[in-house]
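*Asks:* What follows is a structure written as structure tokens; I'll ask about it next.
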Amino acid sequence: MALPKTLKSRRIALFIAATDVVIVGLVFHFFVPGDLANLVSDALYTVLVYLVLALILPLAKRHWLALAAFAISAVIELSQLTGVPEQLAVSFPPSRLIFGTTFSALDLVAYAVGAAAVYLADRVLSERATQWRATQPE
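Structure representation (structure tokens):
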């Protein structure tokens, strides 16, 4: 089934945004020291989850995407209490970027901020795009 032009445009924008989020997240993770950088990286993690979900489920409602992104991030964070992600990181170090290794309740706050921020940004940008398209000749 072919997607409408607006959904194709949205998917392109989501892909570009996801790529940008990965780059910015890695810069913060590897080159910016301190707790604030960790919190920004965590918020961006949830933003990326939202963008990937939106790419996979282009017709999903934004609030469900935000809730799902937060839930996925929270489940991964809570899984760190089991020690499994830490063991995985020993055998495959890059997994540390996806699953982390140590639990922090503050990370859950960062995930909530990331989910809320990406929800609001997506909503505002989509509304503006709709308004702009309405002014364009067919």
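Residue 1229 in this note's numbering is what sits at position 130 of the sequence shown, and the numbering runs on without skipping anything.
For glycine and all other residues, C-beta sits at the position ideal for the given N, C-alpha and C.
Compute the Euclidean distance between the alpha carbons of Leu1143 and Leu1152, then round it to the nearest angstrom.
*Replies:* Taking the sequence shown and counting its residues from 1, one reaches residue 1143 at position 44. Taking the sequence shown and counting its residues from 1, one reaches residue 1152 at position 53. CA-CA distance, Leu1143 to Leu1152, rounds to 14 Å.
*Asks:* Tell me which residue opens and which closes the alpha helix (DSSP H) that Phe1191 is part of.
*Replies:* Translated into the one-based positions of the sequence shown, residue 1191 becomes position 92. Per DSSP, Phe1191 belongs to no alpha helix (DSSP H) and is neither H nor E.
*Asks:* When the Cα atoms are used, what is the spatial distance from Gln1179 to Phe1130?
*Replies:* Here residue 1179 is taken as the residue at index 80 of the sequence shown, counted from 1. Here residue 1130 is taken as the residue at index 31 of the sequence shown, counted from 1. Their Cα atoms are separated by approximately 24 Å.
*Asks:* Pick helix, strand or coil for Ser1178, following the three-state DSSP scheme.
*Replies:* Against the sequence shown, residue 1178 aligns to sequence position 79. The DSSP-derived three-state label of Ser1178 is helix.
*Asks:* I'd like to know if the segment 1182 to 1193 and the segment 1217 to 1225 are in contact, where contact means that at least 3 CB-CB pairs between them fall below 8 Å.
*Replies:* no
*Asks:* Measure from the alpha carbon of Ala1211 to the alpha carbon of each residue in Leu1138, Leu1106, Thr1105 and Asp1119, then state which is nearest.
*Replies:* Numbered from its first residue, the sequence shown carries residue 1211 at position 112. Comparing Cα positions, the closest option is Leu1138.
*Asks:* Leaving out five residues on either side along the sequence, give the residues of the same chain with a beta carbon under 8 Å from the beta carbon of Thr1201.
*Replies:* For the purposes of this step, residue 1201 is taken as residue 102 along the sequence shown, with counting starting at 1. These residues qualify, in order along the chain: Gln1179 and Glu1185.
*Asks:* Using only the alpha-carbon positions, how far apart do Ala1168 and Ile1111 sit?
*Replies:* Working through the sequence shown from its first residue, we reach residue 1168 at position 69. Working through the sequence shown from its first residue, we reach residue 1111 at position 12. Just so you know, the alpha carbons of Ala1168 and Ile1111 end up roughly 20 Å apart.
*Asks:* Measure the Cβ-Cβ separation of Gly1209 and Ser1108 and say whether it is below 9 Å.
*Replies:* Here residue 1209 corresponds to residue number 110 of the sequence shown, with the count starting at 1. Here residue 1108 corresponds to residue number 9 of the sequence shown, with the count starting at 1. The identity of residue 1209 in the sequence shown is Ala, whereas the question assumes Gly. Contact: no.
*Asks:* Grouping DSSP H, G and I as helix and E and B as strand, with all else coil, what is Ser1203?
*Replies:* The residue given as residue 1203 occupies position 104 in the sequence shown. If DSSP states are grouped into helix, strand and coil, Ser1203 belongs with coil.
*Asks:* Can you tell me which of Ala1233, Leu1113, Lys1104 and Pro1236 puts its alpha carbon nearest to the alpha carbon of Leu1164?
*Replies:* Position 65 of the sequence shown holds residue 1164. It is Leu1113.
*Asks:* How about Ser1172 and Asp1134: do their beta carbons lie closer than 9 Å?
*Replies:* What you label residue 1172 is simply residue 73 of the sequence shown in a count that begins at 1. What you label residue 1134 is simply residue 35 of the sequence shown in a count that begins at 1. No. Outside cutoff.
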